[in-house]
Amino acid sequence: MTAVRYGLEGRTVLLTGAAGGIGQALARAFAAQGCRLLLLDREAAPLQALCEALAPLTEVHAAVCELGNDAAVAALARDLGARWGRLDVLVHNAGTEYPTPLDDTAPDANARWAALLDNNVTGMLRLTRALLPLLPRGASVICQSSIWGRIGVAGFSAYSASKHAVVGLTRSLALELGPRGIRVNAVCPGWVRTAAAMRSLAAMAAEQGRPEAEVERDLLARQAVPVMLAPEDLAGVFLFLASEGAAALTGQSLSASHGEVMA
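Numbered as in full-length UniProt numbering, the sequence shown ends at 263 without a single skipped number.
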């Protein structure tokens, strides 16, 4: 956990996908900064366990919410407005990742492709729209993209397309919300040791007929620092973008990839 203070004490933060590996690391980081937290996820049990762990540090609440459901998102926004009346930091971390090869002939192949786009992109738009009345001047919106939103990846077209779309959404919302004094930025992580990333690595290895360790070694060799990131390594990037220290940044997509992507 970083010992750097970002001036976020007392800020209200909503974090989606909080029960996952990166989500839990971000929740702990914002809690350590003295932020009040509303943590969202589909999985109730790990979400509740995380809230109990963070309760000694700060005010923290949990909500199981399906971000693809308009009524559920509207109810969440009403509850948040009644509880805090404002939201200073909105972190769109929730996302889904699975292969979508072009030669997939399963009957549901197109539906699975579309569902991933809806989950990874439209969910961000739906939640931002519902929470917009609660975002004051000076608020920060942070969208989780990926370096796969900067490059193409064989076999993962839906995921890559969704993360490219997150970058475009970030830029467009930055222009729309800039006059209100609200900043919108994206983070594009590289390989982070999470369950989802390891499943993708395993799928790539299986497709190539190679050992997972060999594929991982080759992937990391593309980085300037050939070490896989841990979820905690991303925390400082999000805390900085949420802080007043990043006041000059909006519409930006920061690659956090140990130098795999440098543009």
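Ideal Cβ positions, reconstructed from N, Cα and C, are used throughout, including at glycine. Remember, it's a predicted structure, so these values are computed and weren't measured experimentally.
Among the candidates the options, whose CA atom is the shortest distance from the CA of residue i?
i, options, result
"Ser172", "Cys188, Ser253, Tyr98", "Ser253"
"Met262", "Arg222, Ala242, Thr250", "Arg222"
"Val153", "Ala196, Asp118, Met198, Met204", "Met204"
"Tyr98", "Gly245, Leu117, Asp88", "Leu117"
"Val73", "Glu214, Asp108, Thr128", "Thr128"
"Leu14", "Arg180, Gly7, Glu59", "Glu59"
"Val121", "Asp88, Ala27, Thr16", "Thr16"
"Arg183", "Ala115, Ile147, Gly123, Val89", "Val89"
"Tyr6", "Asn110, Phe30, Ala63", "Phe30"
"Leu8", "His258, Arg150, Gly236", "Gly236"
"Leu40", "Glu212, Glu66, Ala109", "Glu66"
"Met228", "Thr12, Met198, Ser157", "Met198"
"Asn93", "Ala213, Ala109, Cys188, Ser160", "Cys188"
Could you check the C-alpha separation between residue i and residue j for me, to the nearest Å?
i, j, result
"Leu201", "Gly95", "17 Å"
"Ala82", "Arg36", "15 Å"
"Arg137", "Arg217", "45 Å"
"Arg86", "Ile22", "25 Å"
"Gly178", "Ala248", "11 Å"
"Gln144", "Arg42", "17 Å"
"Val225", "Ser255", "14 Å"
"Gly20", "Asn185", "21 Å"
"Ile147", "Thr250", "18 Å"
"Leu219", "Leu239", "27 Å"
"Gly149", "Gln48", "31 Å"
"Trp191", "Leu102", "23 Å"
"Leu134", "Gly155", "39 Å"
"Ser157", "Asn119", "15 Å"
"Thr170", "Val215", "32 Å"
Tell me whether residue i is buried or exposed, calling it buried when 16 or more other Cβ atoms sit within 10 Å of its Cβ.
i, result
"Val4", "exposed"
"Leu50", "buried"
"Glu244", "exposed"
"Met1", "Model confidence at Met1 stands at a pLDDT of 48, short of 50, so the residue's coordinates are unreliable; what they give is reported in the following sentence. So Met1 counts as exposed."
"Val141", "buried"
"Thr105", "exposed"
"Glu260", "buried"
"Val166", "buried"
"Leu175", "exposed"
"Gln24", "buried"
"Gln208", "exposed"
"Leu38", "buried"
"Pro211", "exposed"
"Pro56", "exposed"
Starting from residue i, follow the alpha helix (DSSP H) in both directions and report where the run begins and ends.
i, result
"Asp70", "70-83"
"Pro46", "44-54"
"Pro167", "For the record, residue 167 in the displayed sequence is Val; it is not Pro. Per DSSP, Val167 belongs to the alpha helix (DSSP H) from 157-177."
"Thr128", "123-131"
"Glu207", "195-208"
"Ala111", "109-117"
"Val237", "235-242"
Quick one: give me the first and last residue of the beta strand (DSSP E) that residue i is part of.
i, result
"Asp41", "36-41"
"Ile142", "140-144"
"Pro189", "183-189"
"His258", "Unbroken run through His258: none, as it is neither H nor E."
"Ala62", "60-64"
Tell me the DSSP bridge mates of residue i?
i, result
"Thr12", "Arg36"
"Leu220", "Answer is none; Leu220 lacks a bridge partner."
"His92", "Cys143"
"Ser253", "Ala186"
"Leu229", "Val192"
"Thr100", "Phe156"
Any beta carbon of chain D sitting closer than 7 Å to that of residue i?
i, result
"Val184", "Absence of chain D from the displayed structure is noted, only one protein chain being present."
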